[in-house]
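Taking this note's numbering, the leading residue of the sequence shown gets 135, the next gets one more, and so forth.
For reference, the structure discussed in these notes is given below.
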Amino acid sequence: MCSRNHDANDLAAQPLDLPCGVRLKNRLIKSAMSDSLGDGAGNPTETQMRLYERWAEGGAALTLIGEVQTSAHYPEKPGNLVLVPDADLPALQALARRGSANGAHIWPQLGHAGALAHRPISTPKGPSPLDIEGLQCGGISLREIGELPRSYAQAAALAQKAGFGGVQIHAGHGFLLSQFLSPLFNFRTDGYGGAVQRRFRVIGEVIDAVRHAVGSAFAIGIKINATDMLEGGLTPEDAIEVVKLLDRTSIDIIDISGGTYFPGAASSSEGTSSSGPYFIEFARRARKVTTIPIMLTGGFKTRDQAVEALADGAADAIGLARTMVLNPSLADAWLNGECPDPEFPTFNAPPPGGVTAWYSMRLTALGEDNEDEFDLSAADALHAYDARDAKRCETWRGRFNQLAEGGRAGACCTGVSGQSGSVRP
135 MCSRNHDAND LAAQPLDLPC GVRLKNRLIK SAMSDSLGDG AGNPTETQMR LYERWAEGGA
195 ALTLIGEVQT SAHYPEKPGN LVLVPDADLP ALQALARRGS ANGAHIWPQL GHAGALAHRP
255 ISTPKGPSPL DIEGLQCGGI SLREIGELPR SYAQAAALAQ KAGFGGVQIH AGHGFLLSQF
315 LSPLFNFRTD GYGGAVQRRF RVIGEVIDAV RHAVGSAFAI GIKINATDML EGGLTPEDAI
375 EVVKLLDRTS IDIIDISGGT YFPGAASSSE GTSSSGPYFI EFARRARKVT TIPIMLTGGF
435 KTRDQAVEAL ADGAADAIGL ARTMVLNPSL ADAWLNGECP DPEFPTFNAP PPGGVTAWYS
495 MRLTALGEDN EDEFDLSAAD ALHAYDARDA KRCETWRGRF NQLAEGGRAG ACCTGVSGQS
555 GSVRP
């Protein structure tokens, strides 16, 4: 049953002022998801524009566009946007404008998939070379590390030019900057490996370069893992050190999530809860070591959970992903006291990757304003998702001329099951 705690409800509706001076109109944020709605050539589509417009119309203070690439060489999927100098600026401006409806903010999440780059259109590289079953990649060179801050700064400057209100740097969920933080991926012996302070070094350099490019009044967020949730990965103790290091930077909001994909690594349950927000205890610890606003993402399914996390000080904002896929107007509903927590679907023996594909295809239905007709099974959603990605791989190669070394011309993209395993919000 919905809480009638008006003080807590009022807190969720309060604006959030970020250190740079940007104001978010309330505390409910649509967190980043890989929507896979780009055109295959790195540019926005009408369906994608409409999707983010709907979340803005539905009351979200901020929506984050997941997996926006700073380079075409290491994408997460062929439906990613790519912020490079020859991107379609008018289309990006339209996306920024429509996603800013109703007083909302919209920010791209700047990323680089690194070792998890999509093999049919990439030659993956991580902090260190890996050759294990299910994961092979080269190691990034010092020269290439030195180029990363420039590529992130260039992408952020383009986002600012297009009219977005800020950017989020993706350093979570097992992609490149998260890989630098994780001992599972990073066993370098130079200044970018070893102690957590050195593993963080490139992230600090990226933040500094982005801030220099966009100025002091543009919002810069970051997503980090509370834990990789895998034995041998980033621990909550090291993640607290990361928060302390972030506190010395110009970051405006820290988005706490967790989980990653590393084949063969044993799962760990530390820092999670199956019945509620996954990382709330970590957020309470993080709150004690930073004055930067904290956004907490992962496991929020009810309004009571959201307002409780705000009321007890664990978080300054709540990140909602699948919850807002089920109801794109959820923010307005919760803030207006209507209390309709979404009913989450159940799946009977879905194939690996099928549930993620189901939510991804529902995003398409939302962007086409026909979610009432959406009736795919998890298996059918996975088939549709894979077929669409296969076509986009062809478009991507034609646009960027980027086929992985050793890749097969015309190779089909593997499904979402190929890179599942991170905890999804």
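No residue lacks a Cβ here, since even glycine has one placed at the ideal position from N, Cα and C.
Touch test, the region 498-507 against the region 221-230, Cβ-Cβ under 8 Å, three pairs minimum: no
Three-state secondary structure (DSSP) of residue 207: Residue numbering aside, residue 207 sits at position 73 when the sequence shown is read from its first letter. Three-state DSSP puts residue 207 in coil, outside helix and strand.
First through last residue of the alpha helix (DSSP H) which encompasses residue 414: Here residue 414 corresponds to residue number 280 of the sequence shown, with the count starting at 1. 414-421 is the span of the alpha helix (DSSP H), which, as asked, contains residue 414.
Anticipated Cβ contact below 8 Å, residue 521 with residue 492, distance rounded: Along the sequence shown, one-based indexing puts residue 521 at 387. Along the sequence shown, one-based indexing puts residue 492 at 358. About 15 Å; that fails the 8 Å criterion.
The region 258-276 touching the region 182-200, judged by at least three CB pairs closer than 8 Å: no
Contacting residues, own chain, Cβ-Cβ under 8 Å from residue 536 (five flanking each side not counted): Taking the sequence shown and counting its residues from 1, the one referred to as residue 536 is at position 402. Because the pLDDT at residue 536 is just 49, under 50, the model does not fix this residue reliably, and the point stays unresolved.
The region 339-350 / the region 318-327 touching (three or more Cβ pairs under 8 Å): no
Beta carbon of residue 451 nearer than 8 Å to that of residue 145: Residue mapping note: residue 451 aligns to position 317 of the sequence shown, counting from 1. Residue mapping note: residue 145 aligns to position 11 of the sequence shown, counting from 1. No.
Three-state secondary structure assigned by DSSP to residue 337: Numbered from its first residue, the sequence shown carries residue 337 at position 203. If DSSP states are grouped into helix, strand and coil, residue 337 belongs with the helices.
Beta strand (DSSP E) runs wholly inside the region 275-319, at least 3 long, in chain order: 300-305
Under the three-state DSSP convention, the category residue 381 falls into: In the sequence shown, the residue the question calls residue 381 occupies position 247. In this structure, residue 381 counts as coil in the three-state DSSP scheme.
Straight-line Cα distance separating residue 308 from residue 395: In the sequence shown, counting from the first residue as 1, residue 395 sits at position 261. In the sequence shown, counting from the first residue as 1, residue 308 sits at position 174. Near 6 Å, if we compare the C-alpha coordinates of residue 308 and residue 395.
Within the region 451-529, ranges of the beta strand (DSSP E) (whole runs, at least 3 residues): 451-454
The beta strand (DSSP E) enclosing residue 270, as first and last residue numbers: As a working mapping, residue 270 is identified with position 136 in the sequence shown. That run of the beta strand (DSSP E) goes 269-273.
Within 8 Å, strictly: CB atoms of residue 210 and residue 264: The residue you call residue 210 lines up with position 76 of the sequence shown. The residue you call residue 264 lines up with position 130 of the sequence shown. Against a cut-off of 8 Å, the Cβ pair of residue 264 and residue 210 comes out as no contact.
C-alpha gap between residue 286 and residue 336, whole angstroms: Residue 286 sits at position 152 when you count from the first residue of the sequence shown. Residue 336 sits at position 202 when you count from the first residue of the sequence shown. C-alpha separation (whole angstroms): 11 Å.
Reference residue 165; option with closest CA among 173, 304 and 266: Residue 165 sits at position 31 when you count from the first residue of the sequence shown. Of 173, 304 and 266, the residue nearest in Cα terms is 304.
Whole-angstrom C-beta distance between residue 290 and residue 244, which should lie under 8 Å: The residue you call residue 244 lines up with position 110 of the sequence shown. The residue you call residue 290 lines up with position 156 of the sequence shown. About 7 Å separates the two Cβ atoms, so the contact holds.
DSSP three-state assignment for residue 161, whether helix, strand or coil: Taking the first residue of the sequence shown as 1, we reach residue 161 at position 27. If DSSP states are grouped into helix, strand and coil, residue 161 belongs with coil.
Proximity below 8 Å, CB of residue 261 to CB of residue 340: As a position in the sequence shown, residue 261 is number 127, starting the count at 1. As a position in the sequence shown, residue 340 is number 206, starting the count at 1. Not in contact: residue 261 and residue 340 (Cβ atoms no closer than 8 Å).
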